[in-house]
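Chains as they are written, first to last, in the working numbering: chain A, 10 to 249; chain B, 3 to 358.
Built from N, CA and C at the ideal position, the CB exists for glycine as well.
Remember, predicted model here, so these are calculated numbers, not experimental data.
Here the structure comes first, spelled out in structure tokens, and everything after it is commentary.
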């Protein structure tokens, strides 16, 4: 087994009396692609926020390549090599697409190189024609691409994607799945998603969150056959 | 015409107008006009300090007058003690900058939210006002300089050429210095904002969390921006103390603090030329209204027009409600949409209207 890239130990987050995440022990190998599923409120986004330093865990540890990052600042964790695409696109709305990507690329690269990388990234996310437009004026799907471009431009080791296919057309979903697989050739990823079709396209291993803890961890096929998993999803559907 | 060529056009326009203004005014205008214009130039430097930290850094600071006053008082006190202006001049920049750095450190690293940041900076300004205001007695002095309390400090010696005490600046020289300083500040800030640092602080203004997740520490960038703003305001304060050879605690007052913010709101956040125009325009208007004091006329209208604060208040409210982006960005928007409309017409209106 490859060495662990990410390791959480008894990771917990309490908001007052609400235990959003409870004693999560989660391990991700170098280069692995893992999907995270679970009904709304299962603690997936809170889990991501603890991994990226946006929330300080109430208890427990996050180890990234053996280094304890549970109390590090968000910018320090980003510098160590964890990038995140949030659920609601978090981008620089008042700046052009090009300036957005440039801000991400310029931290690690010289001016000349950053400029070239920006052009490459615009090509890769398919926004060459929209390069000079303000991100705030773009459609939701395009904003998702911009954010993905931001994350990729910082060249992280581990990429967290929170619902990357949400609100996308079928065509865009296919494109996103292809991109995720391509990214996974060189990087590790954790992907939160609801769309089982999308998950089938990208993942081998799936971790199921429910009520703040890990319910089960298995291959995609086994997870889809798992009656417990069906129950929590059907329960959610029945309630909705 | 696109954004880039508009940008260059603006730069050329400012350079030519600025240089022509600086060189021609003393030849063409009366001395008292030159004196009035000098103080406009000094205040415009102060306006630029807030344009940087609020308009680009996103930090709403009510305390620029604190750094401004600190610069003026530092220069005055150091001048009485030293007598040669090189060191006092530098101190008038360094001390406010250091004070801004200290205050900023606690605010930004303490993760104070935007609203409280406004409250704290305003409070600091008023504390300075009250403290300095109550130092009228002879027991309050720093070295040989008496603080003078509410009476202020009169007779401040003027700047001289660096290390040459005998070559003091005259009134015309002061105009050149103030205008040159304004131009230098403007172009310096343009360079700063075009640099990586400048683009990052704008990014932080747009989305602090995202900047953080990309690996930038917003606290450090905000602190640096705030400190530069403090240094600039201190520099303007030093010039101001030279202009009137006098400082008093009203420099820290609420009216002064509010005015700087009005300049920036009227001129437009997110631009540099806007606050300069806002500052000069509002000051000119205040002076014009003040000069309009009714000597005999006591009818309602002349009373209202002579009430400068009232008029300024109305202008502020009008801008906040009707032109919230400020003069320059709004004019820019109108210009761009005219260009776009003409381009669309040239393409025979074939394209469907783009949804914005």
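Which of the three DSSP states, helix, strand or coil, is assigned to residue i?
| i | result |
| --- | --- |
| residue 22 of chain A | strand |
| residue 248 of chain B | coil |
| residue 228 of chain A | strand |
| residue 204 of chain B | helix |
| residue 222 of chain A | strand |
| residue 328 of chain B | coil |
| residue 216 of chain A | strand |
| residue 239 of chain A | helix |
| residue 25 of chain B | helix |
| residue 143 of chain A | strand |
| residue 339 of chain B | helix |
| residue 28 of chain A | strand |
| residue 7 of chain B | helix |
| residue 53 of chain A | helix |
| residue 83 of chain B | helix |
| residue 69 of chain A | strand |
| residue 176 of chain A | coil |
| residue 148 of chain A | coil |
| residue 234 of chain A | helix |
| residue 76 of chain A | strand |
| residue 267 of chain B | helix |
| residue 273 of chain B | coil |
| residue 282 of chain B | helix |
| residue 162 of chain B | strand |
| residue 61 of chain B | coil |
| residue 143 of chain B | strand |
| residue 135 of chain B | helix |
| residue 196 of chain A | coil |
Are residue i and residue j touching if we call contact CB-CB under 8 angstroms?
| i | j | result |
| --- | --- | --- |
| residue 171 of chain A | residue 95 of chain A | yes |
| residue 87 of chain A | residue 225 of chain B | no |
| residue 259 of chain B | residue 59 of chain B | no |
| residue 275 of chain B | residue 321 of chain B | no |
| residue 110 of chain A | residue 162 of chain A | yes |
| residue 126 of chain B | residue 149 of chain B | no |
| residue 180 of chain B | residue 43 of chain B | yes |
| residue 119 of chain A | residue 198 of chain B | no |
| residue 247 of chain B | residue 157 of chain B | yes |
| residue 56 of chain B | residue 192 of chain B | no |
| residue 312 of chain B | residue 177 of chain B | no |
| residue 142 of chain B | residue 232 of chain B | no |
| residue 151 of chain B | residue 137 of chain B | yes |
| residue 101 of chain A | residue 214 of chain B | no |
| residue 160 of chain B | residue 171 of chain B | yes |
| residue 52 of chain B | residue 63 of chain B | yes |
| residue 287 of chain B | residue 307 of chain B | no |
| residue 29 of chain A | residue 14 of chain A | no |
Do you know whose CA, among the options, lies nearest residue i's CA?
| i | options | result |
| --- | --- | --- |
| residue 48 of chain B | B/313, B/239, B/171 | B/239 |
| residue 210 of chain B | A/239, A/165, A/84, A/224 | A/84 |
| residue 144 of chain A | A/98, A/163, A/122 | A/98 |
| residue 329 of chain B | B/345, B/277, B/319 | B/277 |
| residue 93 of chain A | B/212, B/247, B/223 | B/212 |
| residue 205 of chain A | A/54, A/238, A/224 | A/238 |
| residue 97 of chain B | B/16, B/229, B/87, B/323 | B/229 |
| residue 56 of chain A | A/200, A/130, A/207 | A/200 |
| residue 130 of chain A | A/138, A/158, A/148 | A/158 |
| residue 7 of chain B | B/244, B/334, B/343 | B/334 |
| residue 175 of chain A | A/150, A/198, A/190 | A/150 |
| residue 198 of chain A | A/164, A/123, A/51 | A/164 |
| residue 231 of chain A | A/147, A/153, A/126, A/208 | A/208 |
| residue 203 of chain A | A/26, A/140, A/241, A/180 | A/241 |
| residue 50 of chain A | A/194, A/226, A/27 | A/27 |
| residue 88 of chain B | B/168, B/324, B/99 | B/168 |
| residue 237 of chain B | B/11, B/45, B/30 | B/45 |
| residue 265 of chain B | B/12, B/67, B/30 | B/67 |
Using a Cβ-Cβ cut-off of 8 angstroms, state whether residue i counts as contacting chain E.
| i | result |
| --- | --- |
| residue 102 of chain A | Of the protein chains in the structure, A and B, none is chain E. |
Would you say the segment 239 to 255 of chain B touches the segment 117 to 125 of chain B, given that touching needs at least three Cβ pairs under 8 angstroms? Contact between the segment 239 to 255 of chain B and the segment 117 to 125 of chain B is absent: fewer than 3 CB-CB pairs across the two stretches fall below 8 angstroms.
On the three-pair Cβ rule with 8 angstroms, is the segment 66 to 77 of chain B touching the segment 187 to 204 of chain B? With a cut-off of 8 angstroms, the segment 187 to 204 of chain B and the segment 66 to 77 of chain B do not count as touching, because too few Cβ pairs lie within range.
Is there contact here, the segment 101 to 112 of chain A with the segment 170 to 187 of chain A, by at least three beta-carbon pairs under 8 angstroms? Contact fails: fewer than three Cβ-Cβ distances are below 8 angstroms.
Can you pull out the residues from the segment 136 to 168 of chain B whose beta carbon lies closer than 9 angstroms to at least one beta carbon of chain A? Near chain A, meaning a CB-to-CB distance below 9 angstroms, no residue of the segment 136 to 168 of chain B qualifies.
Using a Cβ-Cβ cut-off of less than 7 angstroms, list which residues of the segment 215 to 235 of chain B approach chain A; keep chain order. Correct list: 215, 216, 217, 218, 219.
Short of 7 angstroms Cβ to Cβ, which residues in the segment 179 to 202 of chain B face chain A? For the segment 179 to 202 of chain B, the set of positions with a beta-carbon nearer than 7 angstroms to some beta-carbon of chain A reads 198, 201, 202 in chain order.
Identify each residue in the segment 147 to 165 of chain A for which the Cβ-Cβ distance to at least one residue of chain B is less than 7 angstroms, and report them in chain order. Listed in sequence order: 159, 163.
Along the segment 114 to 140 of chain A, what residues have a CB closer than 7 angstroms to any CB found in chain B? Along the segment 114 to 140 of chain A, going in chain order, the ones with a CB nearer than 7 angstroms to a CB of chain B are 115, 116.
Determine contact between the segment 14 to 25 of chain A and the segment 62 to 74 of chain A, defined as no fewer than three beta-carbon pairs at a distance below 8 angstroms. Counting C-beta pairs with one atom in each stretch, the segment 14 to 25 of chain A and the segment 62 to 74 of chain A have three or more that are closer than 8 angstroms, which means they touch.
Specify whether the segment 76 to 85 of chain B and the segment 21 to 34 of chain B touch according to this definition: at least 3 beta carbon pairs, one from each stretch, less than 8 angstroms apart. When C-beta atoms of the segment 76 to 85 of chain B are compared with those of the segment 21 to 34 of chain B, fewer than three pairs fall below 8 angstroms, so the two segments do not count as touching.
Within 8 angstroms, do at least three Cβ pairs link the segment 41 to 56 of chain A to the segment 212 to 223 of chain A? As far as the Cβ criterion goes, the segment 212 to 223 of chain A touches the segment 41 to 56 of chain A, which means the pair count is three or higher.
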